[in-house]
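This report refers to the structure that appears directly beneath it.
Residue numbers (this note's numbering), protein chains in the order written: chain A, 43 to 268; chain B, 10 to 234.
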């Protein structure tokens with residue numbers, strides 16, 4: 043195809059020849075999803091089936107196979123997830139209006155009195171947070187967030203009021219700004235790349251950690267309503 | 010700086026690394042009108058609908074309560090900013106992302122209403138918008154694959170090939186689905202029936218402006234003249 047003009051010589055011809063089959067695969071996956079939605083009468087099933095169409099989109103973007111395509115898959119995936127969340131939220135609120143009942147945001151099982159929740163929360167949480175700080179970046183944020191979440195859940199089980207977590211939400215927002223500032227520095231002043239790298243790495247670390255911790259805050263709010 | 014796009018002289022561009030915003034008269038005008046409308050929305054209050062009871066005097070006021078008002082105003086402002094961004098971006102993929110953001114926020118604006126009909130319409134619109142992601146991103150990826158760039162300023166110099174035409178057709182399908190124009194309009198019209206008028210108007214305005222902009226982008230990519 044015409045794309046072959048732009049392909050560098052180091053790329054093997056097999057990889058180049060995979061492009062057109064990949065495009066057809068993506069389109070066929072999308073068509074299969076559309077046919078399934080057309081046959082479907084149940085709204086929830088139709089919503090789940092649209093995810094297949096989203097997979098077709100990911101295949102089409104991934105078929106390009108360059109670094110740029112790799113960078114474009116992530117926003118594509120995020121957009122797809124955001125849309126499916128928004129639509130499922132609509133579906134839920136419609137069903138709740140129809141039936142006149144409300145549901146919890148995160149339905150937690152009420153009895154989570156496990157042994158480990160009362161004996162070792164602080165120790166495990168500290169280990170996870172320190173290890174996450176060493177990792178830094180997105181992975182470290184997830185690890186440290188797991189630690190915070192674990193700590194909150196276990197504290198709640200012991201009945202200790204945990205009012206301090208509201209401030210964490212604010213810190214998470216500020217850390218996110220650090221992350222954005224880091225990216226802006228990358229674009230505007232590329233000579234300060236080291237500063238930008240550290241801003242971005244630790245901003246996203248703190249943000250992801252506290253974002254995972256926020257799940258605990260939401261869970262606590264639901265807990266207090268009862 | 011002697012690039013001419015669609016017969017209009019570029020007034021300049023803002024290079025932010027890879028992301029290049031370009032300023033042409035039409036784009037600037039649409040950008041300014043989107044921003045102006047967003048400002049109007051940000052300072053306005055909602056209307057109050059009156060549901061007339063037929064044959065009786067039991068007219069009913071439908072008001073928007075304060076929490077719903079706040080979240081709707083926020084989402085409407087986000088929608089306006091995304092529209093403004095889609096007007097001046099010089100990057101094909103950023104354009105598709107802005108269009109997707111508009112689609113998501115449109116669903117969000119009507120998400121908290123109490124009428125089941127409107128929620129039903131919003132759900133159907135959401136399904137179409139979700140499905141439209143495939144041609145939208147797929148078309149942009151195809152144009153990227155056949156030109157090697159997503160910068161519109163670069164694409165303007167590359168001669169059109171078959172894959173670019175196919176990709177831009179897919180792109181147009183995607184934008185049509187995402188903004189809910191002609192074939193998908195029925196569900197979107199239902200969404201306007203909720204109370205809270207000025208915020209709902211941004212749903213309309215964003216799709217109009219985005220359609221104009223996508224036509225400009227398709228002309229840049231395909232170069233029919």
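Glycine is no exception: its CB is placed at the ideal position from the N, C-alpha and C atoms. All figures in this text were calculated on a predicted structure; none of them were measured in a lab.
Item: Straight-line gap, residue 71 of chain A to residue 97 of chain A (C-alpha atoms, nearest Å); Value: 8 Å
Item: Residues that residue 88 of chain A contacts on chain B, provided the C-beta gap is smaller than 7 Å; Value: 136
Item: Chain A contact residues for residue 123 of chain B, given Cβ-Cβ distances below 7 Å; Value: 139
Item: Stretch pair the region 153-173 of chain B + the region 118-132 of chain A: three plus CB contacts closer than 8 Å; Value: no
Item: Where the beta strand (DSSP E) through residue 22 of chain B begins and ends; Value: 21-25
Item: Start-to-end residues for the alpha helix (DSSP H) that takes in residue 58 of chain B; Value: Residue 58 of chain B -> not in any alpha helix (DSSP H); beta strand (DSSP E) instead, spanning 58-60.
Item: For residue 98 of chain B, the three-state DSSP class (helix, strand or coil); Value: strand
Item: Residue 89 of chain A versus residue 129 of chain A - alpha carbon distance; Value: 8 Å
Item: Residue interval of the alpha helix (DSSP H) (run including residue 35 of chain B); Value: 34-52
Item: Backbone secondary structure at residue 133 of chain B - three-state DSSP; Value: helix
Item: Inter-stretch contact at 8 Å, needing at least 3 Cβ pairs: the region 90-99 of chain B / the region 29-36 of chain B; Value: yes
Item: Residue 57 of chain A, enclosing alpha helix (DSSP H) - first and last residue; Value: 55-59
Item: Residue-level contact to chain B via CB, residue 66 of chain A, 8 Å cutoff; Value: no
Item: Counterpart residues of residue 30 of chain B in DSSP-defined beta bridges; Value: B/23 and B/98
Item: Residue 163 of chain B: first and last residue of the uninterrupted beta strand (DSSP E) it sits in; Value: Counting along the chain, residue 163 of chain B falls outside any beta strand (DSSP E), though it belongs to the alpha helix (DSSP H) covering 161-164.
Item: Host alpha helix (DSSP H) of residue 131 of chain A (start-end); Value: 109-141
Item: Chain A within 8 Å of residue 25 of chain B, Cβ atoms only; Value: yes
Item: Close-in-space but distant-in-sequence residues of the same chain around residue 147 of chain B (CB under 6 Å, 5 per side omitted); Value: 179
Item: Residue range of the beta strand (DSSP E) that includes residue 184 of chain B; Value: No beta strand (DSSP E) contains residue 184 of chain B, which is instead part of the alpha helix (DSSP H) from 171-188.
Item: Interface positions of the region 227-253 of chain A facing chain B (Cβ-Cβ less than 9 Å), listed along the chain; Value: 228, 229, 230 and 232
Item: Chain-order list of residues whose beta-carbon lies under 7 Å from that of residue 127 of chain B (same chain, five-residue window excluded); Value: 119, 199, 200, 202 and 203
Item: Whole-Å CB distance - residue 29 of chain A paired with residue 170 of chain A, under 8 Å assumed; Value: Residue 29 of chain A cannot be examined here, being either before or after the span of chain A that is shown, 43 to 268.
Item: Start and end residues, alpha helix (DSSP H) containing residue 95 of chain A; Value: 85-104
Item: CB-CB length for residue 238 of chain A against residue 174 of chain A, believed under 8 Å; Value: Contact doesn't hold; Cβ gap of about 21 Å is too wide.
Item: Residue 69 of chain B - partner residues in DSSP beta bridges; Value: B/60
Item: C-beta atoms of residue 23 of chain B and residue 101 of chain B nearer than 8 Å; Value: no
Item: For residue 124 of chain B, the residue or residues it bridges with in DSSP; Value: Per DSSP, none; premise fails for residue 124 of chain B.
Item: Counted within 10 angstroms of its Cβ, other Cβ atoms place residue 133 of chain B as buried (16 or more) or exposed; Value: buried
Item: Nearest residue (CA-CA) to residue 50 of chain B, options B/124, B/78 and B/112; Value: B/78
Item: Closer than 8 Å to chain B by CB, residue 84 of chain A; Value: no
Item: Rounded C-alpha distance that separates residue 23 of chain A from residue 240 of chain A; Value: Residue 23 of chain A is absent from the model: chain A starts at 43 and stops at 268.
Item: The region 241-250 of chain A contacting the region 217-227 of chain A, beta-carbon criterion three pairs below 8 Å; Value: yes
Item: CB contact check: residue 109 of chain B to chain A, cutoff 8 Å; Value: yes
Item: Test: residue 182 of chain B CB closer than 8 Å to a CB of chain A; Value: no
Item: 8 Å Cβ shell around residue 71 of chain B - same chain, five flanking residues per side excluded; Value: 57, 58, 59, 60 and 204
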